[in-house]
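Letter by letter, the sequence shown follows residues 166 to 604 in my numbering.
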Amino acid sequence: MRITATDVALVANGTLIGPGVDANGISFDSRQIVPGSAFVAIVAKRDGHQFLADAVAGGASFLIVERGRALDGVTCVEVDDTVLALAKIAAHCRQRFTDAAGQCVVGITGSVGKTTTKAFVAAVLARGFFHVHAAESSFNNDIGVPVSIINAPDVCEAMVLEMGMRGFGEIARLCEYAQPTIAVITVIGDAHSERVGGRDGIIRAKGELIEALDEDGIAVLNADDSGAMSLADRCAGGVITYGEALSADVGYEITDRDDMGCATVDFSFDGETETTTLTLPGDHMASNAAAAVAVGIASGMMLSECVAGLNDVQGTSGRMRWMTSRQGIRILDDSYNANTASLTAALDTISLVPAVRRVAVLGAMAELSDMEESHRRIEMHALSLGIEVLPLETDLYGASALSLEEVMAVLEELTSDDVVVVKGSRSSATERVVAALLG
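Here it is as structure tokens:
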């Protein structure tokens with residue numbers, strides 16, 4: 166959205182230094198500045214104030230900085246805390262969106278499937294709204310969510326926001342300014358469980374999204390997940406469910422799969438059925454797609470429109486994306502992140518793909534309440550499917566850790582008749598394996 170330095174100073178309780186220039190959107194990464202946008206200096210592992218000159222060189226219109234750290238000769242807004250300032254600016258932009266375009270703001274959370282569901286939801290809503298704005302990548306925290314709201318175009322009619330959880334109160338804090346009107350819960354799993362005392366804590370923390378809805382809001386819940394369904398009573402508004410369960414409002418059934426593991430799915434609602442073959446591999450994608458269909462229906466769209474929109478989704482790097490190595494090996498790149506649910510789904514996917522040899526290069530999963538048990542379950546599941554596990558720099562899967570060089574030595578033996586899945590938590594950096602295979 167268009168923001169002015171004057172407005173930013175006002176809503177963020179800041180001090181304007183220089184003329185009140187305008188900006189289109191905001192960035193916190195000086196390397197990705199869009200000319201004419203504002204730059205906010207975030208102090209985290211790296212101090213954004215070190216890159217103010219780079220941001221200006223990249224075309225930043227004005228800078229948002231901590232007090233006493235303004236850059237000479239450039240319009241700056243000095244604030245006490247740049248992260249808190251982001252939240253206040255986002256609240257201002259969210260109110261402008263309400264006043265100008267209506268109330269369609271979708272918040273999505275869950276232990277797995279958030280980013281992919283976000284992509285499906287955006288594609289579905291694009292069939293029913295003039296302009297849909299979805300958060301970039303995994304912008305789902307105290308920095309990413311406000312930036313996503315601020316960067317929504319003035320002409321957009323719907324926003325799709327992803328909301329992550331690393332502790333109690335985080336989603337509630339995001340919702341204070343995001344003000345979702347539709348809340349989606351994908352799956353309640355074990356991601357970040359060590360931070361909140363196990364699965365019950367995850368349910369409580371994810372439920373903050375449902376509790377943020379007012380009486381006009383709609384919760385979209387996974388009928389196949391008991392944790393998600395347990396949140397229905399915490400919704401002040403309406404509830405729409407989706408899933409394979411017969412009780413689901415939006416039902417789905419997988420009827421076939423192609424050679425790349427993409428499912429053909431029958432979606433049903435209110436006595437009608439529509440069929441499509443999904444563009445992303447894995448049976449679990451049917452659940453994410455059904456969530457998007459439910460959001461579309463909650464927004465007043467027809468089932469046929471919703472299902473047609475699913476065909477517009479394309480894969481992104483690191484998320485269930487098929488690639489081919491230089492020697493012709495099929496690679497399922499799911500390297501972006503991992504927990505037990507998403508890793509199980511990735512293993513299930515390659516087990517259904519025609520191949521002579523199936524190999525899983527797995528990095529460690531992080532922030533689980535029971536690390537040894539969780540990794541051992543994955544090891545046993547892979548063995549039950551006939552998938553060979555190559556543990557990248559971890560011994561948690563019950564075998565000796567392999568270096569990147571040792572993993573690549575094994576993979577060099579594979580042929581075009583074989584398939585490899587690559588997956589691990591961010592801290593494992595398993596994308597190095599994909600890069601090596603493609604290089």
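Don't be surprised by glycine CBs; every beta carbon is placed ideally from N, CA and C.
Problem - Whole runs of the beta strand (DSSP E) within the segment 392 to 423, excluding any shorter than 3 residues - result: Listed in chain order, they are 403 to 408, 415 to 422.
Exercise for the section: Give the straight-line distance between the Cα atoms of Met-425 and Val-221, rounded to the nearest whole angstrom. Expected result: Annotation: Met-425 to Val-221 spans about 46 Å, alpha carbon to alpha carbon.
Practice task
Give the DSSP-derived three-state secondary structure of Leu-386 in the structure shown.
Solution key: Strand, per DSSP.
Practice task
May I ask you to report which of helix, strand or coil DSSP gives Thr-514?
Solution key: helix
Exercise for the section: Answer yes or no: do Gly-275 and Val-349 have a C-beta to C-beta separation smaller than 9 Å? Expected result: yes
Problem - For Ala-203: DSSP bridge partner residues - result: Ile-191
Problem - Ala-510 versus Met-485, Leu-251, Gly-329, residue with shortest Cα-Cα distance - result: Ranking the options by Cα distance to Ala-510, first place goes to Met-485.
Handout entry: the segment 362 to 370 touching the segment 311 to 329, judged by at least three CB pairs closer than 8 Å
Key = no
Handout entry: Candidates Ala-454, Ile-515, Gly-402, Gly-392, of which the one nearest Glu-418 by Cα
Key = Ala-454
Exercise for the section: If I'm right that Glu-605 touches His-296 with Cβ under 8 Å, what's the distance once you round it to whole angstroms? Expected result: Because the chain in this structure spans residues 166 to 604, residue 605 falls outside the shown range and cannot be described.
Problem - Whether Ile-405 touches Asp-398 by CB criterion (9 Å) - result: no
Exercise for the section: Please report the residue range of the alpha helix (DSSP H) in which Val-460 lies. Expected result: Looking at the DSSP string, the run of the alpha helix (DSSP H) that includes Val-460 is 449 to 463.
Practice task
Report the residue from Glu-243, Ala-506, Val-186, Pro-311 whose alpha carbon sits nearest the alpha carbon of Thr-351.
Solution key: Ala-506
Practice task
Quick one: residues in its chain with C-beta nearer than 6 Å to the C-beta of Ala-457, no 5 flanking neighbours on either side, listed in chain order?
Solution key: For Ala-457, where only same-chain residues beyond five positions count, the Cβ hits under 6 Å are Phe-285, Val-286, Val-289.
Exercise for the section: Check whether the Cβ atoms of Ala-343 and Gly-403 sit closer than 9 Å, and answer yes or no. Expected result: At a Cβ-Cβ threshold of 9 Å, Ala-343 and Gly-403 do not count as neighbours.
Exercise for the section: Using three-state DSSP, classify Pro-345 as helix, strand or coil. Expected result: In this structure, Pro-345 counts as coil in the three-state DSSP scheme.
Handout entry: Whether Leu-445 touches Val-472 by CB criterion (9 Å)
Key = no
Problem - Arg-484, DSSP secondary structure in three states - result: Collapsing the DSSP output to three states places Arg-484 in a strand.
Problem - Backbone CA spacing between Glu-470 and Gly-416 [nearest angstrom] - result: 16 Å
Handout entry: CA nearest to the CA of Ala-291, picked from Gly-604, Leu-603, Leu-475
Key = From the listed residues Gly-604, Leu-603, Leu-475, the smallest Cα separation to Ala-291 is found for Leu-475.
Practice task
Mind listing, in chain order, the continuous beta strand (DSSP E) runs of no fewer than 3 residues lying wholly within the segment 256 to 335?
Solution key: 270 to 274, 297 to 299, 323 to 327
Practice task
Can you grab the Cα-Cα spacing for the pair Gly-604 / Asp-187, in whole Å?
Solution key: If you take the alpha carbons of Gly-604 and Asp-187, they lie about 43 Å apart.
Practice task
Using a threshold of 9 Å, state whether the C-beta atoms of Ile-552 and Leu-512 are closer than that.
Solution key: yes
Practice task
To the nearest angstrom, report how far apart Val-277 and Asn-504 are at their CA atoms.
Solution key: 8 Å
Exercise for the section: Note down the Cα distance separating Val-518 from Ala-250, rounded to an integer number of angstroms. Expected result: Val-518 and Ala-250 have their C-alpha atoms roughly 49 Å apart.
Exercise for the section: Whole angstroms is fine: what's the gap from Ser-592's alpha carbon to Ile-353's? Expected result: Distance between the alpha carbons of Ser-592 and Ile-353 is about 22 Å.
Handout entry: Cα-Cα separation, Ser-391 to Thr-481
Key = 29 Å
Practice task
For Arg-196, count neighbouring Cβ atoms within 10 angstroms of its own Cβ and tell me buried if that reaches 16, exposed if not.
Solution key: That one is exposed.
Exercise for the section: Could you spell out where the alpha helix (DSSP H) holding Lys-371 opens and where it closes? Expected result: 364 to 376
Problem - Extent of the continuous alpha helix (DSSP H) to which Glu-538 belongs - result: 536 to 549
Practice task
Could you give the DSSP three-state label for Leu-236: helix, strand or coil?
Solution key: coil
Exercise for the section: State yes or no: is the C-beta of Met-166 within less than 9 Å of the C-beta of Ala-299? Expected result: no
Practice task
Could you name the residues of the same chain whose beta carbon sits closer than 6 Å to that of Asp-172, not counting the 5 residues immediately before and after it, in chain order?
Solution key: none
Problem - Spatial distance of Leu-443 from Ser-516 (CA atoms) - result: Spanning the two alpha carbons is a distance of roughly 18 Å.
Handout entry: Simplified DSSP assignment, three categories, for Glu-439
Key = Three-state DSSP puts Glu-439 in a strand.
Handout entry: DSSP-derived helix/strand/coil call for Lys-253
Key = helix
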